[in-house]
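Chemist: In the numbering used here, the protein residues as written are 213 to 488.
All C-beta atoms, glycine included, are put in the ideal place defined by N, C-alpha and C.
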Ligand code: AMP
Ligand code: FE
Ligand code: FE
Ligand code: ZN
């Protein structure tokens with residue numbers, strides 16, 4: 213029987229709202245047998261839930277989503293099937309989480325100066341010790357009634373160039389490649405339709421050594437799925453897919469909407485099994 217996968221999920225260890233346990237339970241309900249919890253800059257969910265997933269027959273792939281700088285834009289790259297115990301990955305992601313934390317505080321300060329009375333303590337609470345991000349600041353703004361939704365917070369205040377926006381530290385592509393390949397993992401370009409000049413950028417990143425493209429994602433329309441699948445295939449690369457579920461934080465990207473047959477993500481599974 214074919215098994216199905218969702219390789220793009222978030223929890224409260226980054227900017228999702230679900231617990232890892234809830235994600236595993238929901239995966240089962242939606243007939244998903246293989247999942248990757250790809251929290252931003254954080255692998256904590258893997259360690260938290262591995263035994264629980266094993267007991268339920270859910271294959272859990274070590275994963276994280278890295279924000280990379282490329283031509284001045286933010287490109288998200290999913291890392292899979294690396295050695296979850298790798299010390300360089302642990303130290304590097306911890307450093308990125310620390311920078312996210314000070315950057316979150318910097319955004320609160322800037323918003324305070326603009327008259328939005330949210331507190332760093334509340335944003336901290338919403339982040340719950342995980343990788344802090346703009347969605348946590350956005351939720352604090354919604355709670356205080358300054359905006360009607362997280363989306364509105366991004367549109368008005370937190371998007372690039374908006375008054376509350378503060379840059380965050382990002383990986384260089386070669387740094388991400390060295391870190392993840394050095395720990396026997398693979399990399400896939402997340403939600404490729406998001407990027408300006410997406411076709412050229414995807415080709416350049418694959419040629420630079422990225423291993424795959426996430427063609428099955430709620431924000432990737434059918435015509436792009438075909439385009440990126442072909443670009444990957446002609447280069448001997450693979451495709452991946454996932455829902456990008458963030459729980460209540462986002463409503464379009466929801467677990468169950470993307471179910472990728474395991475044959476498609478065989479290269480990721482092989483890499484994980486090679487790792488033992
Ligand atoms: P950050 O990591 O702090 O730069 O924040 C980026 C995160 O914010 C992404 O991973 C998305 O999950 C989320 N995000 C980006 N744009 C929006 C939006 N318009 N509405 C809700 N969440 C968003
Ligand atoms: Fe996110
Ligand atoms: Fe992303
Ligand atoms: Zn994501």
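If I measure Cβ to Cβ from residue 468 and keep anything under 6 Å in the same chain, skipping five residues before and after, which residues do I get?
Modeler: Correct list, in chain order: 242.
Chemist: Here's the rule: buried if 16 or more other CB atoms are within 10 angstroms of the residue's CB, otherwise exposed. What is residue 312?
Modeler: Counting Cβ neighbours within 10 Å, residue 312 comes out buried, since at least 16 surround it.
Chemist: According to DSSP, is residue 234 part of a helix, a strand, or is it coil?
Modeler: Note: residue 234 maps to helix in three-state DSSP.
Chemist: Give the list of continuous beta strand (DSSP E) stretches no shorter than 3 residues that lie fully inside the segment 348–425.
Modeler: The qualifying runs are 398–401.
Chemist: Say the cut is 7 Å; is the CB of residue 451 nearer than that to a heavy atom of ligand 1?
Modeler: Checking the Cβ of residue 451 against ligand 1 gives no.
Chemist: With burial defined as no fewer than 16 other Cβ atoms inside 10 Å of the residue's Cβ, what is the status of residue 488: buried or exposed?
Modeler: Caution applies to residue 488, whose pLDDT of 46 falls short of 50 and renders its modelled position unreliable; the model cannot decide the point.
Chemist: May I have all residues whose beta carbon comes closer than 5 Å to any heavy atom of ligand 3, sorted in chain order?
Modeler: Chain-ordered list of matching residues: 288 and 402.
Chemist: On a Cα-Cα basis, can you pick out the residue from 374, 451, 396 and 267 that is closest to residue 219?
Modeler: With distances taken between Cα atoms, residue 219 lies closest to 451.
Chemist: For residue 374, is the classification buried or exposed, using 16 other Cβ atoms within 10 angstroms of its Cβ as the cut-off for buried?
Modeler: Residue 374 is exposed by the Cβ-count criterion.
Chemist: Report yes if the CB atom of residue 415 is closer than 8 Å to the CB atom of residue 479, and no otherwise.
Modeler: No.
Chemist: Which partner residues does residue 229 have in the DSSP bridge list?
Modeler: Per DSSP, none; premise fails for residue 229.
Chemist: Kindly indicate which three-state DSSP category residue 285 falls into: helix, strand or coil?
Modeler: In this structure, residue 285 counts as strand in the three-state DSSP scheme.
Chemist: Would you kindly check if the distance between the Cβ of residue 278 and the Cβ of residue 291 is under 8 Å?
Modeler: Cβ atoms of residue 291 and residue 278: closer than 8 Å.
Chemist: Confirm, please, whether the CB-CB distance from residue 233 to residue 282 is below 8 Å.
Modeler: In this structure, residue 233 does not lie closer than 8 Å to residue 282 by Cβ.
Chemist: So what does residue 428 bridge to, in DSSP terms?
Modeler: For residue 428, which the question treats as bridged, DSSP gives the partners 453.
Chemist: Please tell me whether residue 461 and residue 228 are closer than 8 Å, where the distance is taken between their beta carbons.
Modeler: Closer than 8 Å, so yes.
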